[in-house]
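Student: If you scroll down you'll find the structure; I have some questions about it.
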Amino acid sequence: MEEIDKILYKLGYYDADPLKKQEVQDYIDESVEFMKSAGVPEKQLTSSTAYVVKTIWADARDAGKEDTLVKKDGMIVALISQMRRSK
């Protein structure tokens, strides 16, 4: 099962239409770009921690809660910090 399919399943889209799949893939791509710009090493972008960031990001974007994504004491910031330290 591909990463996109796993994330769609976690978001509750068990038989997602192609448009929803592309929309969620765009969210995943956004999260990868954000992680890269935050200094996450390339090899960490396929780790299980990165998968969690991608899932949280896609869930928040899908729910329309973009303003809750990046907070100083938020989960995404903590996970990215962890990935940056484990070079």
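Heads up: the sequence shown begins at 29 in the working numbering, then just goes up one per residue. Even glycine gets a Cβ: it sits at the ideal position worked out from N, Cα and C. Values in this document were obtained by computation on a predicted structure and should not be read as measured data.
1) Alpha carbon to alpha carbon, how far is Ser-59 from Lys-34?
2) Mark Leu-36 as exposed unless 16 or more other C-beta atoms lie within 10 angstroms of its C-beta, in which case mark it buried.
3) Mind the definition here: the segment 87 to 94 touches the segment 62 to 73 only if three or more C-beta pairs lie below 8 Å; say whether that holds.
4) Look at the alpha carbon of Tyr-42 and the alpha carbon of Ser-114, and state the distance between them as a whole number of angstroms.
5) Work out the CA separation of Ser-75 and Gly-40 for me, nearest whole Å.
Tutor: Quick look at the numbers:
1) 16 Å
2) buried
3) no
4) 34 Å
5) 22 Å
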